[in-house]
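See below for the structure under consideration.
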Amino acid sequence: METLGTISWTDAKCATGDARLLHLFFSEAENEIAEAKVICQTCPLQLPCLEQAIERGEPWGVWGGQLFDRGRVIDRKRGRGRPRKDEARPQVVEVA
Ligand code: SF4
């Protein structure tokens, strides 16, 4: 198991073995995605998690408190089906 200083990946807030958490981190629902992001905010591994997800080009899910879509960080998921004419497209977020 990789450690980062005194922190180990087993310290991750999502490493509980709870299947519901796995569902949250890969959900399509905005409220569940928001819930996953809140969990990340309390995780001691947030920064390395985000950096490694960017490096890997994560195809989807919440990693390091950010939502990924095809390797990019986006601000929100687009709903299912055809977008309404007045609906803005999800924006790619610049992560420093
Ligand atoms: S920051 Fe990464 S390791 Fe921590 S809870 Fe979020 S997804 Fe899990």
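Convert by adding 1420 to the 1-based position in the sequence shown; the result is the number in our numbering. For glycine and all other residues, C-beta sits at the position ideal for the given N, C-alpha and C.
Limits of the unbroken alpha helix (DSSP H) element including residue i
| i | result |
| --- | --- |
| Phe1488 | Careful: Phe1488 lies outside any alpha helix (DSSP H), inside the beta strand (DSSP E) at Gln1486 to Asp1489. |
Burial state of residue i, where buried means 16 or more other Cβ atoms lie within 10 Å
| i | result |
| --- | --- |
| Ala1473 | buried |
| Leu1444 | buried |
| Gly1485 | buried |
| Leu1467 | exposed |
| Leu1424 | exposed |
| Val1482 | buried |
Simplified DSSP state of residue i, which is helix, strand or coil
| i | result |
| --- | --- |
| Val1458 | helix |
| Arg1502 | coil |
| Leu1465 | coil |
| Arg1440 | helix |
| Arg1509 | coil |
| Arg1496 | coil |
Host beta strand (DSSP E) of residue i (start-end)
| i | result |
| --- | --- |
| Val1482 | Trp1480 to Trp1483 |
Q. Are there three or more Cβ pairs, one per stretch, closer than 8 Å when the stretch 1462 to 1480 is compared with the stretch 1489 to 1506?
A. yes
Q. Does the stretch 1436 to 1443 come close enough to the stretch 1461 to 1471 to have 3 or more Cβ pairs within less than 8 Å?
A. no
Q. On the three-pair Cβ rule with 8 Å, is the stretch 1492 to 1504 touching the stretch 1448 to 1455?
A. yes
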